[in-house]
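Visitor: For the sequence shown, my numbering assigns the number 246 to the initial residue and increments by one for each residue that follows. Ideal placement from N, C-alpha and C gives every residue a C-beta, glycine not left out. Small disclaimer: the values here were computed from a predicted structure and weren't measured. Quick one: structure below, then a few questions.
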Amino acid sequence: MNDRISLPKDRIRILLLEGIADSAVDLFGQADYAAIQREKKALEGAALVEAVKGVHILGIRSRTEVTEQVLAAADRLIAIGCFCIGTNQVDLAAAAHHGVAVFNAPFSNTRSVAELTLAEAVMLMRGIVDKSVAAHAGGWDKSAANSWEMRGKTLGIIGYGNIGSQLSVLAEAFGMRVLYYDHTGKLPHGNATPAASLDQLLAQSDVVTIHVPETPGTMGLMGARQFAAMKPSAVFINNARGTVVDVPALAKALREKRILGAAVDVFPEEPKRNGEAFVSELQGLPNVILTPHIGGSTAEAQDRIGQEVGRKLVDYSDTGATMGSVNLPQVQLPPRPTGARWTHLHRDAPGILSQMNACFARRGLNITAQYLQTDGDLGYCVIESVEARAEAEAILEELRTLPGTIRARLIYERS
Ligand code: NAI
246 MNDRISLPKD RIRILLLEGI ADSAVDLFGQ ADYAAIQREK KALEGAALVE AVKGVHILGI
306 RSRTEVTEQV LAAADRLIAI GCFCIGTNQV DLAAAAHHGV AVFNAPFSNT RSVAELTLAE
366 AVMLMRGIVD KSVAAHAGGW DKSAANSWEM RGKTLGIIGY GNIGSQLSVL AEAFGMRVLY
426 YDHTGKLPHG NATPAASLDQ LLAQSDVVTI HVPETPGTMG LMGARQFAAM KPSAVFINNA
486 RGTVVDVPAL AKALREKRIL GAAVDVFPEE PKRNGEAFVS ELQGLPNVIL TPHIGGSTAE
546 AQDRIGQEVG RKLVDYSDTG ATMGSVNLPQ VQLPPRPTGA RWTHLHRDAP GILSQMNACF
606 ARRGLNITAQ YLQTDGDLGY CVIESVEARA EAEAILEELR TLPGTIRARL IYERS
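Listed below in structure tokens is the structure:
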């Protein structure tokens, strides 16, 4: 897959679907990209296949499925920005095979999830939702039974990554004691302490909250045995992914009052769009907060996502940097090339680097900088040469003929 890249920026076509935030458009504008088409909705099937033709950069959120068929039709595409956290909607291996870098925004809504989690802990520990529902219906349920302050209580965090550790800081400011369990060693923030085991965390915590990714190792991490190990006065929160909890086991624990309540934002089966029916065993249970996967959905998070993904796409287009790409080897580059810069994505095999270098040696040209990263399957190499400007296009053509080449691009220094 080859493309002309020394295109003027106003001819680099950007298609943004699914109502991507203004912050992304502002960022493209500041970087002198002008050919931007924005659509409010997701596209699918034949409409998407037609729309991607001639597009260099595609921006999507979670509802646009980028399949092998879509990628095959995308004859100019160099990058996809997923303006969200997940990238399951893109066939990542096929994208890499087509030389298309995929970027996302893994950290932009960390704070939003942490804030919601803490707020839900307060609501659950006070039984607020049921009291509020009763009050709306004309009831009056004034009682201090099963109502607790957060101060001095123990928050047990399973998965001490971006969200877990941010939550840890907020919870300590609330006067909580923080225990955490992570399968890799993590530096504690503030006075948080690592639990010796998941069982120890479950036995000691008043609020248990899970913040692990969806992996084969986290499927059903919280099941019947784990709910039985919690204090009967404790509450449970899942704002991570639906599959990390055995939902029937959670529903049973709630029905049998083995735990006091739960807040759940994510489900193994979620409606694909607003208006579609949502069904869960947790519906109708007392002291249970159900939310439609909105843990990270705030105006601030959308704004940051626009900036984060927009910045990665501009960097990749302008400089060749793949930092933050989820499907290509990651190379961090100085912002401006010295002379001409070529990027070369290839199937990794012994000897490819020496063949690239030979393109320069044969011409008596000095390579001024070279960056290489491989992931076992793919290799991504960036080469700079100060002297080579006059022959830059010829070298590009030669790099493209090397066996195993997936994509080669040429980036000129902009003066
Ligand atoms: P992260 O990758 O920064 O942290 C995850 C932590 O879990 C890591 O420290 C990892 O070592 C740990 N972990 C993984 N497997 C484990 C296991 N088997 N046992 C114990 N610890 C384990 O992820 P981040 O950004 O904190 O996100 C956490 C979860 O939140 C993810 O599932 C993500 O999809 C979800 N999320 C949900 C949102 C929502 O709208 N509800 C929004 C954003 C993220």
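Out of 507, 514, 474, state which residue places its alpha-carbon closest to the alpha-carbon of residue 488.
Guide: 514
Visitor: Does DSSP classify residue 492 as helix, strand or coil?
Guide: helix
Visitor: Under three-state DSSP, which class holds residue 581?
Guide: coil
Visitor: What is the DSSP secondary structure of residue 645, reduced to helix, strand or coil?
Guide: helix
Visitor: Could you please give me the residues that DSSP links to residue 480 through a beta bridge?
Guide: 452, 506
Visitor: Thinking just about the alpha-carbon of each residue, which of 274, 265, 442 is nearest to the one in residue 548?
Guide: 265
Visitor: So does the stretch 447–461 actually touch the stretch 395–409, counting three or more Cβ pairs closer than 8 Å?
Guide: yes
Visitor: Please work out which residues of its chain come closer than 7 Å, Cβ to Cβ, to residue 349, disregarding the five sequence neighbours upstream and downstream, and give them in chain order.
Guide: 327, 329, 330, 332, 554, 571
Visitor: Going by DSSP, which residues form a beta bridge with residue 533?
Guide: 507
Visitor: Should residue 515 be counted as a contact of the ligand NAI given a C-beta to heavy atom distance under 8 Å?
Guide: no
Visitor: Is residue 674 a contact residue of the ligand NAI, with contact defined as CB to any heavy atom under 8 Å?
Guide: Limits of the chain in this structure are 246 at one end and 660 at the other, which puts residue 674 out of reach.
Visitor: Can you tell which of 620, 510, 593, 626 has the C-alpha that lies nearest to the C-alpha of residue 602?
Guide: Minimum Cα distance to residue 602 is reached at 626.
Visitor: I want to check one thing, is the minimum distance from the CB of residue 352 to the heavy atoms of the ligand NAI below 8 Å?
Guide: Yes, Cβ of residue 352 sits closer than 8 Å to a heavy atom of the ligand NAI.
Visitor: Any contact between the stretch 637–651 and the stretch 585–600? By contact I mean 3 or more CB pairs, one from each, below 8 Å.
Guide: yes
Visitor: Which stretch, first to last residue, makes up the alpha helix (DSSP H) that contains residue 630?
Guide: Premise fails: residue 630 lies in the beta strand (DSSP E), 623–630, not in any alpha helix (DSSP H).
Visitor: Heavy atom of the ligand MN less than 8 Å from the Cβ of residue 538, yes or no?
Guide: Absence of the ligand MN from the depicted structure is noted, with the ligand NAI being the only ligands included.
Visitor: Just the C-alpha distance for residue 317 and residue 652, rounded to the nearest angstrom, thanks.
Guide: About 14 Å.
Visitor: From residue 621 to residue 377, what distance separates their C-alpha atoms?
Guide: 56 Å
Visitor: Can you give me the Cβ contacts of residue 666 inside the same chain, cut-off strictly under 7 Å, excluding the 5 residues immediately before and after it?
Guide: Past the boundaries of the shown model lies residue 666; the chain is included only from 246 to 660, so the question cannot be answered.
Visitor: Judging by CA-CA distance, which residue of 573, 644, 461, 405 is the nearest neighbour of residue 337?
Guide: Residue 337 has its Cα closest to that of 573, out of 573, 644, 461, 405.
Visitor: Straight-line CA distance for residue 359 to residue 304?
Guide: 27 Å
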